[in-house]
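Take the sequence shown: its letter number 87 is residue 1417 in my numbering, and every next letter is one higher. Note sheet for the following structure.
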Amino acid sequence: MRKTTKIYGSPIDIVTMESAFERFKQLLDRSAFSFICTPNTEIIMSARNDEKLIEALKSSDMNIPDGIGLIIASKIHKLGLITRVTGIDLMGEILKFCNYSRKSIYILGGKPGVAEMAVYNIKEKFPNIDVKGYRHGYFKKEEEKDIIENINNLSPDILFVALGVPKQEMFMYGYRKDLNVKVALGVGGCVDIWAGTTKRAPKIFRILGLEWFYRLIKEPWRFKRMMVLPKFMFQVLTSKDISN
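Printed below as a string of structure tokens:
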């Protein structure tokens, strides 16, 4: 049975990597389309002022806690979250699963050329994986119907959507009745990591929950964007209830 909690109105699934992966496989076995979101602190804060984004999160079939800030907030307010489950790690487990199960994938997102590099590296690591197709994420609104048609014609089992927040959530939610795939997963910058254009934080930073700090060192231009984390933590520490 699905167990969730709420942080500022957004539902977050109470999962570990193992249970999140099991949930993914259950969704894959369903006949209906399902989509998975990977909310972090930035997404939760954005959703507070974006009714469409919070509606997408409420409609998704799983929201994994992909931010250390969410775990800290949960511990402070006793909301039940167990551990951080990142989109990049879940994507890795799914790719490994596809390699031996022969489930097919499609990658949508990244700058021109990035998805192609990601597919090349994925095929190097998982040679048996069936990549139905890929496309960069730089497209206009009027092109979306053609993109949907192309994806549906190829009929992949799994669609990785790397369009950034909130575009990827809106894409999966907005086309949930049109997409002919089993499961779509919003993966943000994961495609850049697979392509090698962005390096993932070293393991010690991830263990300590300082992946954001590593990213700030490597990409100082993200400073303004990353100020959302201390703002979130201040509100968490000064609020009696953060569930709504």
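Backbone N, C-alpha and C fix where the C-beta goes; we use that ideal spot for every residue, glycine too.
Given this structure, state the Cα-to-Cα distance separating residue i from residue j, to the nearest angstrom.
i     : j     : result
L1425 : F1456 : 7 Å
K1433 : L1489 : 11 Å
T1413 : V1517 : 18 Å
I1406 : E1479 : 46 Å
F1354 : V1513 : 8 Å
E1472 : M1556 : 32 Å
E1454 : I1537 : 27 Å
K1470 : K1408 : 43 Å
V1491 : F1564 : 31 Å
E1541 : G1526 : 17 Å
G1443 : F1427 : 25 Å
I1572 : A1377 : 13 Å
N1451 : G1463 : 14 Å
Give the DSSP-derived three-state secondary structure of residue i in the structure shown.
i     : result
G1531 : With the sequence shown as reference, residue 1531 is identified as Ala, and Gly is not the correct amino acid for it. A1531: coil per DSSP, three-state reduction.
F1351 : helix
Y1338 : coil
I1452 : helix
L1411 : coil
Y1464 : strand
M1392 : strand
D1343 : strand
S1573 : coil
Using 10 angstroms around the beta-carbon of residue i, count the other beta-carbons present and answer buried if the total reaches 16, otherwise exposed.
i     : result
P1486 : buried
Y1468 : exposed
P1560 : exposed
E1499 : buried
Y1503 : buried
M1421 : buried
T1568 : exposed
So is the beta-carbon of residue i under 6 Å away from any non-hydrogen atom of the ligand FMN?
i     : result
S1389 : Here there are no bound small molecules, and the ligand FMN is not part of this structure.
Can the beta-carbon of residue i be found less than 7 Å from the beta-carbon of residue j?
i     : j     : result
F1501 : L1509 : no
V1566 : A1403 : yes
S1390 : F1365 : yes
V1521 : A1448 : yes
I1374 : S1340 : yes
L1438 : R1465 : yes
G1399 : T1371 : yes
I1344 : L1387 : no
I1342 : I1418 : no
Residue ranges of each beta strand (DSSP E) run of no fewer than 3 residues wholly in the region 1420–1447, ordered along the chain? 1434–1439
Within the region 1505–1565, note down every full beta strand (DSSP E) run reaching 3 residues or more, in order along the chain. Inside the region 1505–1565, DSSP marks whole beta strand (DSSP E) runs of 3 or more residues at positions 1513–1516, from first to last along the chain.
Can you check the region 1471–1501 for any beta strand (DSSP E) of at least 3 residues that lies completely inside it and give the ranges in chain order? Entirely contained in the region 1471–1501, the beta strand (DSSP E) runs reaching 3 residues are, in chain order, 1488–1492.
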